[in-house]
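Visitor:
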Amino acid sequence: MRQLLTAWNLCALVFLSLAFFLYSHSHPSPSSMAQESSKSIYDFTVKDINGNDVSLNQYTGKVLLIVNVASQCGLTQTNYKELNVLYKKYKDQGLEILAFPCNQFAGQEPGNKEEIREVVCTKFKAEFPIFDKVEVNGKNAAPLYKYLKDQKGGIFGDGIKWNFTKFLVSKDGKVVERYAPTTSPLKIETSRTSYRLLELHDLTVSEVTGNVYSAFKESAASQWM
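Numbering (mature numbering (1 follows the signal peptide of the UniProt record, and there is no 0)), first residue to last: -26 to -1, 1 to 199.
1. Taking Cβ to Cβ, would you say I90 is nearer than 8 Å to S45?
2. Give me, in chain order, the residues of the same chain whose beta-carbon lies closer than 6 Å to that of Y119; leave out the 5 immediate sequence neighbours on both sides.
3. Buried or exposed: which applies to G147, given that a residue is buried once 16 or more other Cβ atoms fall within 10 Å of its Cβ?
4. Is D17 helix, strand or coil by DSSP?
5. For the pair the region 68 to 85 and the region 34 to 41, tell me if three or more CB-CB distances fall below 8 Å.
6. In the DSSP output, which residue or residues are listed as bridge partners for F79?
7. If you draw a straight line from the C-alpha of D17 to the C-alpha of P117, how long is it?
8. For Q125, count the other beta carbons within 10 Å of its own beta carbon; 16 or more makes it buried, fewer makes it exposed. Which is it?
9. Whose C-beta lies closer than 6 Å to the C-beta of I104 among residues of the same chain, with five residues either side of it excluded?
10. With a threshold of 6 Å on Cβ separation, who are the neighbours of S3 within its own chain once the five nearest residues in sequence on each side are excluded?
11. Taking C47 as the reference, which of K63, L30, G25 and A80 has the closest Cα?
12. List the whole-angstrom C-beta distance separating N26 from C76, where the pair is believed to meet the contact cut-off of C-beta under 8 Å.
13. Select from L57, L142, D66 and V43 the residue whose C-alpha is nearest the C-alpha of E151.
14. Please state if the CB of N42 and the CB of K99 are separated by a distance shorter than 8 Å.
15. Considering only residues of the same chain and omitting the five flanking positions on each side of K13, which have a CB-CB separation below 8 Å?
16. I need the boundaries of the alpha helix (DSSP H) containing V59, first residue and last residue.
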């Protein structure tokens, strides 16, 4: 009987430890929340693929889709193709796609700047901005990505899970949605419970949230993450 109780207590301890770990990684501390809430996406300066400083303040009033990209991933071809479609369709209406190469996932972005530019601009003919290679997880994660993850956490922790995780930012600088690597860029445009890019160009985040809530009430079965 004592052995049974000991085993039960051990299982309970493991479960509680796991629950605390998941909670602490998906809920930032109050001090962290206060610190990050005082920042805006427009406060960050990043490096472009040529090493030049780029202030994100220049994107004020734009809808942003921020993506960590890789050249040798199984998701590469489809994502670049569909990102190109989105960009060509909406760039004149205020959409900007910001692509950040990252080599943290199975080493699938190993190239230097010239090699990355060759793949993105020549092979896939991307016209949207390409930035310098960054880390998105860990102690050396780019400040921008720390901010994005704090604003929109993921399932089982805030860490970026793979290449082509996507963050959608409204024209007033709010991080309004986070999409999994397997989410098709074109699904972002058509999903009823997602913040539609074209609508975001015309609406503030509060107005879009109201529209999404109305759509949710109409058809809960159509939810898609």
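Backbone N, C-alpha and C define an ideal beta-carbon position, used for all residues, glycine too.
Guide: Working from what's here:
1. For this step, residue 90 is matched to residue 116 along the sequence shown. For this step, residue 45 is matched to residue 71 along the sequence shown. Here I90 is near S45, since their CB atoms are less than 8 Å apart.
2. By 1-based counting over the sequence shown, the position of residue 119 is 145. Residues of the same chain with a CB within less than 6 Å of the CB of Y119, apart from the 5 flanking positions on each side, are V110 in chain order.
3. For the purposes of this step, residue 147 is taken as the residue at position 173 of the sequence shown. Flag for G147 reads buried.
4. Here the question's residue 17 lines up with position 43 in the sequence shown. Residue state, collapsed to three classes: helix.
5. Touching, per the Cβ criterion.
6. To locate residue 79, count along the sequence shown from 1; it is residue 105. According to DSSP, which records beta bridges pairwise, F79 is partnered with nothing at all.
7. Position 43 of the sequence shown holds residue 17. Position 143 of the sequence shown holds residue 117. Whole-angstrom Cα-Cα distance: 10 Å.
8. Mapped onto the sequence shown, residue 125 falls at position 151. Q125 should be labelled buried.
9. Reading the sequence shown from its first residue, position 130 is the one you call residue 104. Answer for I104: I23, A73 and V94, listed in chain order.
10. Position 29 of the sequence shown, counting from 1, holds the residue named residue 3. Reliability fails at S3, whose pLDDT of 45 lies under 50, so the model's placement of it is uncertain and the value that follows must be treated cautiously. Hits under 6 Å: none found.
11. Within the sequence shown, numbered from 1, the residue matching residue 47 stands at position 73. Closest in C-alpha terms to C47, from the list K63, L30, G25 and A80, comes A80.
12. For the purposes of this step, residue 26 is taken as residue 52 along the sequence shown, with counting starting at 1. For the purposes of this step, residue 76 is taken as residue 102 along the sequence shown, with counting starting at 1. Actually they are not in contact, since the Cβ atoms of N26 and C76 sit about 19 Å apart, beyond 8 Å.
13. Mapped onto the sequence shown, residue 151 falls at position 177. Of the candidates L57, L142, D66 and V43, the residue whose Cα lies closest to the Cα of E151 is L142.
14. Translated into the one-based positions of the sequence shown, residue 99 becomes position 125. Translated into the one-based positions of the sequence shown, residue 42 becomes position 68. When the beta-carbon positions are compared, K99 and N42 stay at least 8 Å from each other.
15. Taking the first residue of the sequence shown as 1, we reach residue 13 at position 39. Exclusion of the five residues before and after K13 leaves Y121 as the residues of its chain whose Cβ lies within less than 8 Å of its Cβ.
16. Here the question's residue 59 lines up with position 85 in the sequence shown. Counting along the chain, V59 sits inside the alpha helix (DSSP H) bounded by residues T50 to Y64.
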